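Inspection log for the structure reproduced underneath, given as structure tokens.
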Amino acid sequence: MPTNCDNPSKRRALFETPEAINWNYTYSCNFCCAHCYSRAPSYPAELLPIEYRKLACKIVESNVFRVAFGGGEPLVRKDFLDTVTFFGESGVETFFTTNGWFVDDEVAKALADAPLSMVAVSLDSSSRDLHDRIRGQTGSFDHALRAIRILAGRIPRVVASCTIHGRNVNEVRQLVSLCLSIGADEINLKVFRPAGNGLALSPSFQLCSSELNDFQSVVKDLRADFHDKITLYGPESDEGCSCGTTTLTLRPNGDVVICPYGNEKIGNLLSDQLSVIWTRHPAVVARRSGQAACLGTQSSPWPLGGETSPVQEGAYVERLRSRWLRER
């Protein structure tokens, strides 16, 4: 990826744009996880590599400090490592979340050379059977553990990313113990949000108030034992929700949204300036001023918003629920 777009004269002043961009790099994924917020019956078309270069250039020119890649599974796209390398050469710190399936020694070396500051591997349970069932892919548990082991020592920070829900809330201690034993530097815990597949299956995954209270108590104890190795993401964290206050989310078609769980489009980075979106859009201004609630605490039909018909949604939800019930 060329670096000639990184022209200092075009750089935006600090704080005219968000500190970080959460870039959902692709809709494609080799899994269809039961709780995944970004799964939907259909998606808008993704941009071409040349258009991704334009997005990356705009992010660099805007003085964004960090880019966190998610999806989908970013390693599905062949241009992913080129984009990470470009950001590294431009002084932008990069994070990356993966399901671990494609991470072998060769990929781990490429990720280390890119370079990435942090890789998060998603892990849903200390039980092989439960993790594989949630992921809908036999062998996914072993691949996730292998990825953490391979990346440990090669990447500055290797994180186990764990979504806590009704099916695994009683095994948080075991999950943390497992992650530390295989070399994770940090365990990031985030509470399940009802969006995408997660909305369709929320009765099985939504935490009740007593479960949430118990979880918060366990986290307090774990932090006393392991300190900064235990982190929280989202409204439950010490810092609260960062969406719209320090971060925005970028989608594979260039759309910008406040929150990865929400479906309100506030611009498109191909046609709009990031600084204008950040400083002027009413929804962002309201969020920063505290007038708008965290979208992650609300139900959102499909995070892509309006891309599917009710008929498509109904058929998709029925297939999803049938699969979950069949695998119980």
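The sequence shown begins at 0 in numbering that gives the first Met the number 0 and counts up by one.
Every residue gets a Cβ at the ideal spot worked out from N, C-alpha and C, and that includes glycine.
Remember, it's a predicted structure, so these values are computed and weren't measured experimentally.
Alpha-carbon to alpha-carbon, residue j and residue i
i	j	result
R65	G313	38 Å
P48	I58	15 Å
E88	E15	22 Å
A55	T82	7 Å
P281	Q290	11 Å
H130	D123	5 Å
L80	A67	13 Å
A151	V157	6 Å
Y51	E45	9 Å
N21	R318	30 Å
T278	P43	27 Å
L198	V190	14 Å
R322	P251	28 Å
P7	K53	With a pLDDT of 42 at P7, under the threshold of 50, the modelled position of this residue cannot be trusted; read the value that follows with caution. Going by the C-alpha atoms only, they are around 16 Å apart.
D254	L247	11 Å
L328	E185	Residue 328 cannot be examined here, being either before or after the span of the chain that is shown, 0 to 327.
C240	R287	11 Å
V284	E18	15 Å
Extent of the continuous alpha helix (DSSP H) run through residue i
i	result
N29	First-last for N29: undefined, no H or E at that position.
F85	79 to 88
V334	Since the first and last residues shown for the chain are 0 and 327, residue 334 lies out of range.
A109	104 to 112
Limits of the unbroken beta strand (DSSP E) element including residue i
i	result
Y232	229 to 232
D95	Correcting the residue identity first, residue 95 is Phe in this sequence and not Asp. Element bounds for F95: 92 to 97.
G197	Here G197 belongs to no beta strand (DSSP E); instead the alpha helix (DSSP H) covers 196 to 199.
A159	156 to 163
E254	In the sequence on display, residue 254 carries Asp and not Glu. Counting along the chain, the beta strand (DSSP E) containing D254 begins and ends at 254 to 256.
Under 7 Å between C-beta atoms of residue i and residue j
i	j	result
N196	A33	yes
E326	R127	no
Q173	S125	yes
G266	I276	yes
N167	W100	no
I163	F225	no
A107	I147	no
Contact belief for residue i with residue j at Cβ below 8 Å, rounded distance in angstroms
i	j	result
G70	S37	7 Å
A119	F140	Not quite, the Cβ-Cβ distance comes to about 16 Å (not below 8 Å), so this is no contact.
A183	Y260	About 25 Å; that fails the 8 Å criterion.
Exposure label - residue i; buried when at least 16 CB within 10 Å
i	result
P155	exposed
Q205	buried
Test: residue i CB closer than 7 Å to a CB of chain D
i	result
F140	The displayed structure is made up of one protein chain only, and chain D is not part of it.
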